[in-house]
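Listed in order, the protein sequences are those of chains A and B.
Going by my numbering, the first sequence opens with residue 1, and the numbers climb by one from there.
Going by my numbering, the second sequence opens with residue 1, and the numbers climb by one from there.
All C-beta atoms in this analysis are idealised placements derived from N, C-alpha and C, irrespective of residue type, glycine included.
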Amino acid sequence: MRLRVRKALLAVATLASLNAVSACALFSYSPTPLPSEAPSQQPAPSAPAAPAACKENPLASYTPSNPLPTPETLPAGSTMAKIKKRGRLVAGVSADTYLLGSRNPFTGEIEGFDIDMVKAVAKAIFGDENRYQLKVITAAQRIPALEKGDVDIVARNMTINCDRWKQIAFSGEYYRSGQKILVRKGSKANSLNDLDGEKVCAPIGTSSMDNLIKKAPKAIPVGADTHTGCLVLFQQGQVAAITGDDTVLAGLAAQDPYAVVPDQRAFTEEPYGLGFNEKDIDFVRFVNARLDEMRTNGEWDRIYNRWLRGSLGPAPRPPIPVYGRTR
Amino acid sequence: MSQASQQIGAAGVAAPPSAAAATAAAPPTARQPATVSPQPTSGTPTSAAQAQRKMNTPQRLRLLSLGVVVAGLIIGLIGALTFAYLALSLSRAKADTAQLIRVQKIQSNLLSADATATNAFLVGGLEPPAQRAAYDQAMSSTSSLIAEAARAQPADGAALAALNQQVVSYAATIEQARANNRQGLPVGAQYLRNASADLRATTLPILDNLVNANAARAADEMHAGAGYIVIVLAVLGLVTVLVAQIWLARTFKRRINVGMLASAVVLLLIVIGSLVAVLQLRSALNDISTGSLAAVNAAADTRIEANNAKSNESLTLIARGSGQSFETAWKSSADAVANNLSRLSDKPELASQWQAYTDVHSQIRGLDDGGQWDKAVAKAAGSGKSSSNTVFGTFDGNLAGYLDGVSQDASNSLADEQPIMIVSAILILLAGVAVALLGRWGVTERLKEYR
C-alpha cells in the first residue's frame, strides 16, 4: 500500500516534470507573419473632362510684335526688359522626358527639344542662348509656377486648351503632337484597335490614360506613375504596349532598341504651346515673333532634326500658328 | 475520515468549540473518546486515547516520514526544473535578442545600400569605386545575415525566405538601373526609383514584422514569474513541516525534533534563497529591458531612419523638382531620428553629429530650391569635408559603433544571469533532498521508540 502510494506520487511527479520540460524546451515560436499583399494599382478612369466651351479658337494666341525687338531695343518696362535686367531667363521644364527635356547623365545638363526652345528665347532677349536657368517642375506644377511668378516661361510639352487659357497665356503652337502607341519590335499592331485584350500602359491621371480607356475599351489599361515607369513595365514584359504623345514615345523608343513606334495616324491632336503668366502679354507677343522667325529661317527644323528626327522621321512642316486673340 | 468527523461532531455537541478544535488537531484515528469518556477532550490526550495511539502512532509516523520525503523531493525537483526553465528562458531571450539585432542589422544594411546606390546615381553614369564597394559590402553582408538568421530561428523561416526574394529582386533592379544609367538612358533613374520604392513598400514591412516578432519573443522570455512557484511550494512545505513539528512535540513530549527542525531550516533557506534569486533576476531583467535592450532598439531604429533620410535626400535631387514627396519622407525620418536620439542620453555627441548633417541637408535644399542644382549635387554626392556624405558618414559610423556596443551589453547581461539560475537549480535540488533526508531521519528517531 505504501509502495503503491509512493509509486503513484512518483508517476505524478514524473509526469508533471515531463510536462514542464516539454512546455518550455520543446515549445517553438509561432512563425513570423508575412505582411499582407498590397493591392495592385488599378487605373480608374478619371471623369472625362468635359470639353470647355470655347468662345475663341484655343490655338489663337496674341499677334506677334512686329518687328521683333533686338536685345538692344527691348521696350523699357517690358517683361523682357525686366528679365534682361535680372540677367537670366527662368524656365520651368521637365527633366525626365527624353528628347524633350531630360538630364544627360554624362554632362548633368538638361537638354532636349523644349530646352532648345528656351535657349532660342534666351538668345532673343540676351543675344546669348545660355543666359537661362531651368527649374524642374512636374506636369501638375506648370500652371501654379506661372501664376506665382516662379518661372518666366514653361516649356514642358504642354497642350494648349481652353481650360488652361483661363489661367495662363500660351504662345502660338510650336509643335503638333498626337497620341500614338509604342509596341515591341516585330509586333503587327499599328493602331489602338489592334491592342484588344492586350495590356497597355499609360501614366495614371493623364489624358493619355483617359483616351486609352475611351478609345480602346477592350484593351487592358495598366497604370504607372510616369511614361518612363511604363517603359520599365514594358521591358519587364508586364505590358505589351505603351500609349502617349508621339514625342514622349519617341523618347522611350530611343532608350530601348526593341521598342518601336510603328507608322500610324495619331488618334488625338496635342498642340504644344509655351506657357506664360496671363499678364505677360508683351512677352507672349515677343516670343510669337521669335517663333515665327525660327519657322522661316530653318532654326525650327534644325532643332527638330537634332532631337526628334531619329525617332519620329523627317521634319514635318512646322504647325501654322493662329493669332488674333484680344481678351 | 468520516468516522473522525462524526466523532468531532459528537464532541462538538458535548464540548465547547475550543475543545472541538483541539480534537481536530489531534490525530483523526482516535475512534471512541467522546462516547467512552464523557468528560470533554482537551489538548492533552486522555489515557484512553493514549492507549489507542500506541497502536496507531507508528503508522502515522511512517506516513509522516513518507510525506516529508515526497514533499522534499517534489520541492527539490520542481525547484530545479523551474530554475532550469528560467535558465533556458534566459538563453532563449539571448537568442531572440541576437536575432532581433540581426534583423535590425539587415534592415539598416539594406537602407544603407540604398542610400549609397541612390547617391552614386547623382554623380552620373560612372559610379565612384568607393561607393560601389560600400554598396557591394552592404549587400553581401545582408545575404550572409539572412542565411544566419534563418539558421538561428526556424520560426522566422518563411518571412526570411520572402525577404530573400525581395533582396534578390532589389539587387537585380539596381543592376538594371546601373546598366541603363551607364548608357545615359533616363529609364535607369526610373529603375532606381522603382527599386527604392519597392524596398520601402514591400521589403521593409517584412523586416518590421521580423523585428516586432523577435522583440516580442525576447520580451516574453524575459520574465521571472515562474520562480514564484518555487517560493509558494517551499512556504507550503515549511508550514507542513512546522505543523508536523508541533504534532511531534505534543505527541512525544519533546519540544524539538532535531531532524524536523533541520528540515524546516533548510526549507526556510530555500524560501529565502529562491526569493533572493527570483527578485535579483527580476530586477536584472528589468534593467536589461529598460537599459541596454531599450538602447539597442532606439539605436537600431535611429540608424534605419537616418539611412532612410539619406536615401531620400539623394532621391529628391535625382527627381529634380518632382521630388517633394521624397523631401517629405526625409523630414519624417529626420524627426524620428531626433526623437530617438533624445532617448540615447548617454551618447550626446550623436545628437550634435546628426544636427551637423541636418544643417548640410538644409544647405543642399537651399541650393536646389534656389535653382543651383549642380552645387546641391556637389554637396550631396561629393566627398569633401563638409559634404553630406562625409558628415553623414561620421554620424552613421559612430552610431553603428554605439549599436554594436549596446548589443554586446544586452547579450552579456543576459548571459551573466544564466549561471545564477543553473547554480540555483542545483542548490535547490540538493536542498530538497536534504529536506527529505533530515525529515525522514527525525521521524525515524521517534519510530525507534516503538521497536
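Separation of residue j from residue i, as counted between CA atoms
i                     : j                     : result
residue 255 (chain B) : residue 274 (chain B) : 29 Å
residue 247 (chain B) : residue 261 (chain B) : 13 Å
residue 418 (chain B) : residue 90 (chain B)  : 6 Å
residue 435 (chain B) : residue 70 (chain B)  : 10 Å
residue 333 (chain B) : residue 144 (chain B) : 27 Å
residue 266 (chain B) : residue 56 (chain B)  : 29 Å
residue 331 (chain B) : residue 309 (chain B) : 8 Å
residue 355 (chain B) : residue 80 (chain A)  : 43 Å
residue 217 (chain B) : residue 200 (chain B) : 25 Å
residue 363 (chain B) : residue 203 (chain A) : 33 Å
residue 483 (chain B) : residue 206 (chain B) : Residue 483 (chain B) lies beyond the stretch modelled for chain B, which goes from 1 to 451, so this question has no answer here.
residue 309 (chain A) : residue 161 (chain A) : 26 Å
residue 433 (chain B) : residue 408 (chain B) : 39 Å
residue 144 (chain A) : residue 346 (chain B) : 48 Å
residue 178 (chain A) : residue 123 (chain A) : 29 Å
residue 324 (chain A) : residue 135 (chain B) : 60 Å
residue 62 (chain A)  : residue 156 (chain A) : 20 Å
residue 317 (chain B) : residue 377 (chain B) : 7 Å
residue 183 (chain B) : residue 173 (chain B) : 16 Å
residue 34 (chain A)  : residue 358 (chain B) : 35 Å
residue 113 (chain A) : residue 298 (chain B) : 51 Å
residue 189 (chain B) : residue 131 (chain B) : 17 Å
residue 141 (chain B) : residue 390 (chain B) : 22 Å
Residue i at chain A interface by Cβ criterion, 8 Å
i                     : result
residue 341 (chain B) : no
residue 167 (chain B) : no
residue 320 (chain B) : yes
residue 442 (chain B) : no
residue 75 (chain B)  : no
residue 335 (chain B) : no
residue 170 (chain B) : no
residue 156 (chain B) : yes
residue 56 (chain B)  : no
residue 210 (chain B) : yes
Any C-beta of chain B under 8 Å from that of residue i
i                     : result
residue 119 (chain A) : no
residue 170 (chain A) : no
residue 330 (chain A) : The first residue shown for chain A is 1 and the last is 327, placing residue 330 (chain A) beyond what the model contains.
residue 192 (chain A) : no
residue 126 (chain A) : no
residue 47 (chain A)  : Low confidence applies to residue 47 (chain A): its pLDDT is 47, below 50, so where it sits in the model is not reliable, and the reading given next is rough at best. So no, residue 47 (chain A) is outside the interface.
residue 228 (chain A) : yes
Pair within 8 Å by beta-carbon distance, residue i and residue j
i                     : j                     : result
residue 276 (chain A) : residue 153 (chain A) : yes
residue 245 (chain A) : residue 269 (chain A) : no
residue 266 (chain A) : residue 185 (chain A) : no
residue 445 (chain B) : residue 259 (chain B) : yes
residue 342 (chain A) : residue 95 (chain A)  : For residue 342 (chain A) there is no data in the structure shown, the boundaries of chain A being 1 and 327.
residue 97 (chain B)  : residue 414 (chain B) : yes
residue 422 (chain B) : residue 87 (chain B)  : yes
residue 200 (chain A) : residue 239 (chain A) : yes
Cut-off 8 Å between Cβ atoms - residues of its own chain near residue i, not counting five sequence neighbours on either side
i                     : result
residue 182 (chain A) : 234, 241, 242, 243, 244, 249, 252, 253, 259, 260, 261
residue 314 (chain B) : 115, 118, 119, 121, 122, 380, 381
residue 271 (chain B) : 231, 234, 235, 238
residue 188 (chain A) : 194
residue 212 (chain A) : 192, 200, 202, 219, 221, 243
Buried or exposed by the 16-neighbour rule on C-beta atoms within 10 Å, applied to residue i
i                     : result
residue 86 (chain A)  : exposed
residue 63 (chain B)  : exposed
residue 320 (chain A) : exposed
residue 292 (chain B) : buried
residue 282 (chain A) : buried
residue 370 (chain B) : exposed
residue 221 (chain A) : buried
residue 59 (chain A)  : buried
residue 119 (chain A) : buried
Own chain, CB closer than 6 Å to residue i, minus 5 neighbours either side, in chain order
i                     : result
residue 65 (chain A)  : 285, 286, 289
residue 424 (chain B) : 83, 277
residue 116 (chain A) : 303
residue 226 (chain A) : 203
Beta-carbon proximity list for residue i, same chain, < 7 Å, skipping 5 on both sides
i                     : result
residue 293 (chain A) : 68
residue 108 (chain B) : 300, 303, 304, 307
residue 264 (chain B) : 238, 241, 242, 245
residue 142 (chain A) : 92, 154, 156, 158, 275
residue 100 (chain B) : 211, 214, 215, 218
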